[in-house]
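As you go down the protein sequences, you meet chains A and B in turn.
Numbering follows the working numbering, in which position 332 of the first sequence is assigned residue number 332; successive positions increment by one, without gaps.
Just remember that the working numbering sits 1000 ahead of the position in the second sequence, which is counted from 1.
Reviewing the structure listed below.
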Amino acid sequence: MSKSKIPFYKKVQEQPWLNPREKPYIHLENISKYFGDVAAVKNVNLSIYKSEFFSLLGPSGCGKTTLLRMLAGFERPTTGRIYIEGIDMTDVPPYDRPVNMMFQSYALFPHMNVEENIGFGLRQDGVPKNEIKNRVDQILELVKMSELGKRKPHQLSGGQRQRVALARSLVKRPKLLLLDEPLAALDRKLREHTQFELVNIQEKVDITSLMVTHDQEEAMTMSTRIAVMSEGQIVQTGTPTEIYEFPHTKFIADFIGTANMFEGVLVEEEPDHALIHSEEIDGDLYINHGVSVPIGSHVWVAVRPEKITIHKNEPKEKRNCAKGIVVEIAYLGDVSIYHLRLETGKIIMATVTNFNRITDQEMTWDDEVYLSWKPSSGVVLVT
Amino acid sequence: MQKIQESKNSGFVHNVASRLVIFVPYLWVILFFLVPLLIILKISFAEPIIQRPPFTDLIDFVDGKFIHIKLTLESYLNIINDNIYIQSFLKSLKIASVSTILCLLIGYPLAYGITRLHEKKRFYFLLLVILPFWTSFLIRAYAWIGLLKDDGIINSFLLYTGLINQPLALLNNEFAVYIGIVYSYLPFMVLSLYGSLMKVDESLLEASADLGCKPYKSFLTVTLPLSIPGIIAGSMLVFIPAVGEFVIPDLLGGPGMNMIGKTLWTEFFLTRDWPTASALAIVLLVILMVPIAILQYIQRKTAIGGSYNEK
């Protein structure tokens, strides 16, 4: 993974989701949403804890935005209940919910200046004028926009509008902050910078947040936990590390980062290891964790490209090893990605960190090489 | 070098062609709007006489040597001194203002309702709004006579049901003029409002609800302010033609309905006082230029600040 993908370790270190006695702050119970006959969200159960930065990650059309809109109150779930701090919010209209949303389009009011936009929610609540001014000034300082309070939205750049939208959704100190693809409209450089800033602000104000994104890098960088969604269902919930290193299914392994997938049959199964025979590499795969399926089952082994080592000479260990030819090299500066074709025709991707300045290529196209990985590198997937 | 020459040439040709394209509509405006207007202006400074044409020439050649220019402001003084003209101006302004407000009150909910409809239904409802344009304006005005007169459809029905004993006076009064004007100009109002209401982004209403605004307040704080350009455009489109309206007050308003359009007509064709009639037309034009200037100003302002749809 490149530099920008280093997970951002959150201060929520107690990991409240591991404590069965901890009460969830936001709780979704059997939420389903049908549009006509089409199910946008199917039977979702989800618990989010106080101060978390939780992400819903999935491809477009997976139902994540619908789920977010149900939390905001714009859509009513067909079945199921939504609880915030233990209070049933399912039938509460959006204007009475302690929830604020930052819209993907920002949805800033074009006829109001920055201060008026941010103060809008406070005015609805009848907050006294001078308190509104104080709180707006405070939040403007937080998002570093103090100078631009009198500007109209159309006089701001994309990044500035994004800050105003964030400030507007934070100023009411909601119990839950909803972020709908908050960085999607920014260019790449600004996005990477804003990821960290957004998390910093969220920690400073300590508001429980739920973000929807299709960008796995964004989700990994910013979140305490991620729920991966596919076809209206949550397929896995976990910390960024868990999701990346221990994906539950082929879909997740493939959607989060890249993974080489080896199809095979389970031949040996013990609590501390598993042995899989794969026709695809014409050899055996040895994995240092147990699998809870019977011997003879059809399984897949996922190995991330950065966990594969390339050798010029044949390694002694015959398991977790394959022979191939370099067919493609992509030089990315920090790393190079090699595409290797095995004798069986399968293409494997391997990432090599460029520790030294490359002047003379060690490996080049059509070189015959060996690749291997450790027993702790792969993960066995059943579905 | 040759290439540059060529491109210069083609640029020149292009320039001439585009100028020509612009020139044609300009010519049209100059010939058929500006020149007649100047003629009217000229006549308004002349004196009425009984001949053909019924006004004096402004420029005389004395002995073929001296140019003698004769301007008189008598027609304008006439307008100020004679109560009839001021009365009809005021009446026109009043009827146009009330009709504009009525159009706005009826048109706003209508336009708002249409924008809230499903896309397919929206088309049919817009079609219904535009449909009356497919029939001649005069025929529609006459149709209202058939509805409103003493033995018309409405009175006959009410008499038949026994709700009234004698026909209501629906025709030949201000009420009928209001009906006629509101009916005729409502589509302009609805279409302008529809245009600007459609531009109000749905997510802005969601944002305002999300920030604690109940629906009626969202309407007042978001939808209404953002539809002001449409309100102004629609009001102008109703108000301006309504002030000078002639056919509707003539057909539906009866003989006593002295709106300025009717007075103008009387001056031109009955009294044959062309200079006074021209002066009236010029004064009317000046009066109407005030709201047009306001409209222009606001449109320019919203054009600068109105790019709220781009991200």
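C-beta: ideal position from N, C-alpha, C; glycine also.
Given the structure is predicted, the values throughout are model-derived calculations rather than measurements.
Asked                                                                                                                           : Found
For residue 381 of chain A, the nearest candidate out of A:373, A:355, A:246, A:346 (CA to CA)                                  : A:246
Residues that DSSP places opposite residue 355 of chain A in a beta bridge                                                      : Per DSSP, none; premise fails for residue 355 of chain A.
Residue range of the beta strand (DSSP E) that includes residue 213 of chain A                                                  : 208-213
Within the region 5-85 of chain A, ranges of the beta strand (DSSP E) (whole runs, at least 3 residues)                         : 26-35, 38-48, 53-57, 79-84
Within 7 Å of chain B by C-beta, residues of the region 99-111 of chain A in sequence order                                     : 100, 101, 103, 105, 107, 109, 110, 111
Residue interval of the beta strand (DSSP E) (run including residue 225 of chain A)                                             : 225-230
Residues in the region 205-230 of chain A having any Cβ partner in chain B nearer than 9 Å                                      : none
Given residue 1237 of chain B as reference, the closest of B:1071, B:1122, B:1103 once Cα atoms are compared                    : B:1103
Limits of the alpha helix (DSSP H) - the one that residue 116 of chain A falls within                                           : 114-124
Limits of the unbroken beta strand (DSSP E) element including residue 300 of chain A                                            : 298-303
Same chain, Cβ closer than 6 Å to residue 163 of chain A, neighbours up to 5 away in sequence not counted                       : 143, 145
Per DSSP, the bridge partner or partners of residue 1048 of chain B                                                             : B:1055
Residue 1210 of chain B classed as buried or exposed, judged by whether at least 16 other C-beta atoms fall within 10 angstroms : buried
Cβ-heavy atom distance, residue 67 of chain A to the ligand GDP, below 8 Å                                                      : No copy of the ligand GDP appears in this structure; indeed no ligand is present at all.
Any C-beta of chain B under 9 Å from that of residue 36 of chain A                                                              : no
Coarse secondary structure for residue 261 of chain A, derived from DSSP in three states                                        : strand
C-beta atoms of residue 199 of chain A and residue 57 of chain A nearer than 9 Å                                                : no
Nearest-angstrom Cα separation, counted from residue 1298 of chain B out to residue 1099 of chain B                             : 22 Å
Under 7 Å by beta carbon: chain B residues contacting residue 121 of chain A                                                    : 1211, 1212
Closer than 9 Å to chain A by CB, residue 1119 of chain B                                                                       : no
Rounded C-alpha distance that separates residue 215 of chain A from residue 1205 of chain B                                     : 27 Å
CB of residue 40 of chain A within 9 Å of CB of residue 103 of chain A, strictly                                                : no
Per DSSP, the bridge partner or partners of residue 278 of chain A                                                              : A:283
Rounded separation between residue 337 of chain A and residue 315 of chain A - CA only                                          : 21 Å
Rounded C-alpha distance that separates residue 1070 of chain B from residue 1023 of chain B                                    : 35 Å
C-beta contact flag for residue 234 of chain A and residue 244 of chain A at 9 Å                                                : no
Whole-angstrom C-beta distance between residue 372 of chain A and residue 311 of chain A, which should lie under 8 Å            : 7 Å
Residue-level contact to chain B via CB, residue 175 of chain A, 9 Å cutoff                                                     : no
Sub-9 Å separation of residue 278 of chain A and residue 303 of chain A beta-carbons                                            : no
Per-residue DSSP class, three states only, for residue 105 of chain A                                                           : coil
Beta-bridge pairing of residue 1068 of chain B - partner residues as DSSP gives them                                            : B:1060
Proximal residues of chain B, C-beta to C-beta of residue 388 of chain A below 8 Å                                              : Outside the shown range of chain A, which is 1 to 383, sits residue 388 of chain A, and nothing can be said about it.
Residue-level contact to chain A via CB, residue 1222 of chain B, 9 Å cutoff                                                    : yes
Beta-carbon proximity list for residue 11 of chain A, same chain, < 7 Å, skipping 5 on both sides                               : In this predicted model, residue 11 of chain A has a pLDDT of only 49, less than 50, meaning its place in the structure is not dependable enough to derive any value.
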